[in-house]
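K.L.:
First the structure, which I've put down as structure tokens, then a few questions once you've had a look.
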Amino acid sequence: MSAVTPLLEGRGVTKRFGGLEAVKAVDFKVMPNEIVGLIGPNGSGKTTLFDCLSRVQAIDEGSVHFQGIDITRLKPHQVAHMGMSRTFQVIRVYRKLTLLENMQVSRQWRGENLWSQMRPSHKDVEERSRDLINFLRLEHLTNEPAGTLSGGQRRLLELGMALMPDPELILLDEAASGINPTLVEEIKDRIKTLNQEQGKAFLVVEHDMHFISDLCNRVYVLNYGEKLAEGTPAEVMENEAVIEAYFGS
1 MSAVTPLLEG RGVTKRFGGL EAVKAVDFKV MPNEIVGLIG PNGSGKTTLF
51 DCLSRVQAID EGSVHFQGID ITRLKPHQVA HMGMSRTFQV IRVYRKLTLL
101 ENMQVSRQWR GENLWSQMRP SHKDVEERSR DLINFLRLEH LTNEPAGTLS
151 GGQRRLLELG MALMPDPELI LLDEAASGIN PTLVEEIKDR IKTLNQEQGK
201 AFLVVEHDMH FISDLCNRVY VLNYGEKLAE GTPAEVMENE AVIEAYFGS
């Protein structure tokens, strides 16, 4: 039996800012259908690695592969067309547009060129938008401006916008940060459903260890830009080096 190709793989990823090595020779994998967590203390390099893997940041050494293809020199929009989508630490929605309009402008259909994306949305786009809004249990807010939503509702909308192109892999940057606990559970439930019923893979950067342990198959821990540990959530939380990095000896 042939080995399964990682959906996303970083090999020796290194990123420098001047004389500072923010990420140091990190090897990283997300397999198909996995939910992988990326954790670490503040300043450990999580967001920088996340940006390198999603091609928002250029890397200085190493390579990044998506579905077996070298994407090291590609632009973020090119990678998005291949089936990778992401959210950001600071929620990015169009506050003056309704939920439905936010979804429609996020379609970026895989395989479409820029010109075809500029055309008015057709019926299929509206149907997919409404289906995803219903899936996220936001249908009662469909025609409300996004700026009127709570932080948790905007996070759900942002997840829906990331899902519009039907990606294989969704990268979530602190999806639970500052969110009402009830809506955190809602976000968690929707991620689990997407993973189990649609086979979507996720890479999750998060501070909330309960969020990570409830969701993830595997977890990577960064510290000072280097990979400190890798394993199941239970293995990582029992790792003495991880405990020291988070809480001190």
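Residue numbers (the working numbering): 1 to 249.
Every residue, glycine too, gets a C-beta built ideally from N, C-alpha and C.
(1) What residue range does the beta strand (DSSP E) around Met164 cover?
(2) Give the secondary structure of Trp115 by DSSP, where H, G and I count as helix, E and B as strand, and everything else as coil.
(3) What would DSSP say about Lys75, mapped onto helix, strand or coil?
(4) Looking only at its own chain, which residues have a Cβ that is under 7 angstroms from the Cβ of Ala58, when we skip the five neighbours before and after it?
(5) Which of the three DSSP states, helix, strand or coil, is assigned to Phe17?
(6) Alpha carbon to alpha carbon, what distance is there between Asp214 and Gly160?
(7) Between the alpha carbons of Pro76 and Asp166, how many angstroms are there, rounded?
(8) Counting only the same chain and skipping the five closest in sequence on each side, list residues whose C-beta sits under 6 angstroms from that of Gly37.
(9) Compare the Cα-Cα distances from Glu174 to each of Gly40, Phe28, Ala3, Asn33 and report the closest residue.
(10) CA-CA distance, Gly231 and Asp60?
(11) Within the 8 angstroms Cβ cut-off, does Val36 reach chain D?
(12) Tell me Met237's beta-bridge partners as DSSP assigns them.
(13) Any idea which residues DSSP pairs Phe135 with across the strands?
(14) Along the chain, where does the alpha helix (DSSP H) containing Met103 start, and where does it finish?
(15) Would the region 88–104 count as touching the region 14–26 if we require 3 or more Cβ pairs under 8 angstroms?
(16) Measure the beta-carbon distance from Leu132 to Gly152 and round it to whole angstroms, keeping in mind my assumption that it falls under 8 angstroms.
(17) Determine the DSSP secondary structure at Phe88, reduced to helix, strand or coil.
(18) Determine the extent of the alpha helix (DSSP H) in which Ile212 is found, giving its start and end residues.
(19) In chain order, what residues of the same chain have a beta carbon less than 8 angstroms from the beta carbon of Trp115, not counting five sequence neighbours either side?
(20) Is it buried or exposed for Ile179, if we count other Cβ within 10 angstroms and need 16 for buried?
(21) Where does Asp60 sit, in a helix, a strand or coil, going by DSSP?
(22) Return the first residue and the last residue of the alpha helix (DSSP H) that Leu257 is part of.
(23) Taking just the CA atoms, how far does Pro6 sit from Glu21?
P.N.:
Judging by the given coordinates:
(1) Unbroken run through Met164: none, as it is neither H nor E.
(2) Caution applies to Trp115, whose pLDDT of 48 falls short of 50 and renders its modelled position unreliable; the value that the coordinates give is listed next. In this structure, Trp115 counts as helix in the three-state DSSP scheme.
(3) The DSSP-derived three-state label of Lys75 is coil.
(4) So no residue of the chain qualifies.
(5) Looking at Phe17 - three-state DSSP - the assignment turns out to be strand.
(6) Near 21 angstroms, if we compare the C-alpha coordinates of Asp214 and Gly160.
(7) Note on geometry: alpha-carbon atoms of Pro76 and Asp166 lie some 16 angstroms from one another.
(8) Residues Val204, Ile212, Cys216, Val219 of the same chain have their beta carbon placed closer than 6 angstroms to that of Gly37, with the five preceding and five following residues left out of the count.
(9) Closest by C-alpha distance to Glu174, out of Gly40, Phe28, Ala3, Asn33, is Gly40.
(10) Cα to Cα, the separation comes out at about 27 angstroms.
(11) Structure shown: chain D not included; a single protein chain is present.
(12) Answer by DSSP bridge pairing: none, since Met237 is not bridged.
(13) Note: Phe135 sits in no beta bridge, so no partner.
(14) Residues 99–104.
(15) No, the region 88–104 is not in contact with the region 14–26.
(16) About 17 angstroms separates the two Cβ atoms, so there is no contact after all.
(17) DSSP, reduced to helix, strand and coil, places Phe88 outside both helices and strands of the structure shown, so it counts as coil.
(18) Looking at the DSSP string, the run of the alpha helix (DSSP H) that includes Ile212 is 209–215.
(19) Residue placement at Trp115 is flagged as unreliable, the pLDDT there being 48, under the threshold of 50; the coordinate-derived value follows with that caveat. Nothing listed; no residue qualifies.
(20) Answer is buried; the Cβ neighbour count reaches 16.
(21) Of the three classes helix, strand and coil, the one that applies to Asp60 here is coil, per DSSP.
(22) In the structure as shown, the chain starts at 1 and stops at 249, and residue 257 therefore has no counterpart that could be examined.
(23) Distance between the alpha carbons of Glu21 and Pro6: 26 angstroms.
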